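J.: The structure follows.
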Amino acid sequence: MNGTRGPLAVTALGLGVVGPVGWMIHRRLANGSHSSRSEFERRAVAELSHPRSGRVATDADLGGLPEPVARYIRRSGAIGRPEIANYHARMHGRIRSGADATWMTFTGEQVNTFGAAPSRLFFIVAAMKGVPIDVFHSFIGADATMQAKALAVVTIVDQKGPEMVQSETVTILNDACVMAPFALIDPAFVWAPIDDRAAQVTFTRLDVTVSATLHFDDADQLIDFVSEDRRRDSTPQRWSTPIGRYRSLGDHWVMSYGEGRWHAPAPEGEFTYLEFELDDISYNVGPEAFLASRRRRSGSL
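First residue of the sequence shown? That's 2 in the working numbering, and the numbers climb one at a time after it.
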């Protein structure tokens, strides 16, 4: 991890540029050309500009998959619709850094693409002790980064490197399993059956390989994703994402509430660090539709 804390951030966090004053400053700076919000938009437009095949998914695509995985993909509504090349999602929730840390509320926006080297862009605005914090994850090609900026402009966290690539590869695998099930027919996902309600998946992106175990319920819905391949503070640690609810969004049956959990050793133990509600998700989005959606909701992030 590379971290910096500028004088404005120290002032904001230590002396109290909080509440209405902090948010007023944030609103004035968040749309600047060097802000994380603007960088998220630029990169998303570029990623969403890649051509889409338009090929329609059929039952034949599910051949060879473990039965619970095939049933889950059918349940999602993917069959008979164009294969998923990308998605644009919005969510809200709360997040914390440890079992005893204070929860921070957030609103978030995410763009994922699929193909030879899937990409992930994730941008949230959180509130830490009343101070607006912008957090931006970017994973394109071989580069994975995460930056957090106080008041939209002052970098307080800057992460990158091999450990970030490893963790973000697990996250892309999770994103596909949870939010874009039909993407799982790609040869990059290698499956091993466990039983009628579980399967193991191994995923290779460029030169990084990770794996996870998926658990399904009697309604053919994914209810948990468990991986040993993510790192927390440079140490491998079990990570899981239990899913609590599903709902219909457009033509798709998708999760609507999920959590992120670390399974830490004692004395910290297992704890939930992320709770979120999926507000909206659109598949196979072009750059024009993405920008139009952002303009309509310009005050939400």
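Every residue, glycine too, gets a C-beta built ideally from N, C-alpha and C. None of the values given here were measured: they were computed from a predicted structure.
1. Who pairs with L215 in a beta bridge, going by DSSP?
2. So if DSSP puts R239 in a beta bridge, which residue, or which two residues, is it bridged to?
3. Among S249, E260, A293, P288, whose alpha-carbon lies nearest the alpha-carbon of D281?
4. With C-beta atoms as the reference, is P288 less than 8 Å away from V70?
5. Compare the Cα-Cα distances from G94 to each of G259, R198, R297, A293 and report the closest residue.
6. State the Cα-Cα distance for the pair E48 and L122, rounded to the nearest angstrom.
7. Closest by CA to F107, which one among S294, V255, G131, D218?
8. Measure from the alpha carbon of V209 to the alpha carbon of each residue in E164, I186, F41, then state which is nearest.
9. Using 10 angstroms around the beta-carbon of M25, count the other beta-carbons present and answer buried if the total reaches 16, otherwise exposed.
10. Whole angstroms is fine: what's the gap from V22's alpha carbon to F115's?
11. Per DSSP, what kind of secondary structure is L66 in: helix, strand or coil?
12. Going by the DSSP bridge assignment, what does R91 pair with across the sheet?
13. Kindly indicate which three-state DSSP category W254 falls into: helix, strand or coil?
14. Are there 16 or more other CB atoms within 10 angstroms of the CB of N32, so buried, or fewer, so exposed?
15. Hey, R206 and I157: beta-carbon distance below 8 Å or not?
16. Is it buried or exposed for D60, if we count other Cβ within 10 angstroms and need 16 for buried?
T.: With the given structure in hand:
1. The count along the sequence shown starts at 1 and reaches residue 215 at position 214. Its beta-bridge partners are A200, F226.
2. Locating residue 239 in the sequence shown gives position 238, counting from the first residue. R239 is bridged to H264.
3. Translated into positions along the sequence shown, residue 281 becomes position 280. Checking every option, the nearest Cα to that of D281 belongs to S249.
4. Here residue 288 corresponds to residue number 287 of the sequence shown, with the count starting at 1. Here residue 70 corresponds to residue number 69 of the sequence shown, with the count starting at 1. Taking 8 Å as the Cβ cut-off, P288 and V70 do not qualify as a contacting pair.
5. Within the sequence shown, residue 94 is the residue found at index 93, counting from 1. Selected option, being the one with the closest Cα: G259.
6. Residue numbering aside, residue 48 sits at position 47 when the sequence shown is read from its first letter. Residue numbering aside, residue 122 sits at position 121 when the sequence shown is read from its first letter. Distance between the alpha carbons of E48 and L122 is about 9 Å.
7. The residue labelled residue 107 in the question sits at position 106 within the sequence shown. Among S294, V255, G131, D218, the Cα nearest to that of F107 is on G131.
8. Numbered from its first residue, the sequence shown carries residue 209 at position 208. Nearest option by C-alpha distance: E164.
9. Position 24 of the sequence shown, counting from 1, holds the residue named residue 25. M25 should be labelled exposed.
10. Position 21 of the sequence shown, counted from the first residue, corresponds to residue 22. Position 114 of the sequence shown, counted from the first residue, corresponds to residue 115. In a straight line, the C-alpha of V22 is about 41 Å away from that of F115.
11. Here residue 66 corresponds to residue number 65 of the sequence shown, with the count starting at 1. Coil.
12. As a first step, residue 91 is located in the sequence shown; it is residue number 90 there, counting from the start. Paired residues: E110, D281.
13. By one-based count along the sequence shown, residue 254 stands at place 253. In the structure shown, W254 sits in a strand (DSSP, three-state: E or B).
14. Counting from one through the sequence shown, the residue named residue 32 turns up at place 31. Exposed, because fewer than 16 other Cβ atoms sit within 10 Å of the Cβ of N32.
15. For the purposes of this step, residue 206 is taken as the residue at position 205 of the sequence shown. For the purposes of this step, residue 157 is taken as the residue at position 156 of the sequence shown. Not a contact, by the Cβ cut-off of 8 Å.
16. The sequence position of residue 60 within the sequence shown is 59, counting from 1. D60 comes out exposed.
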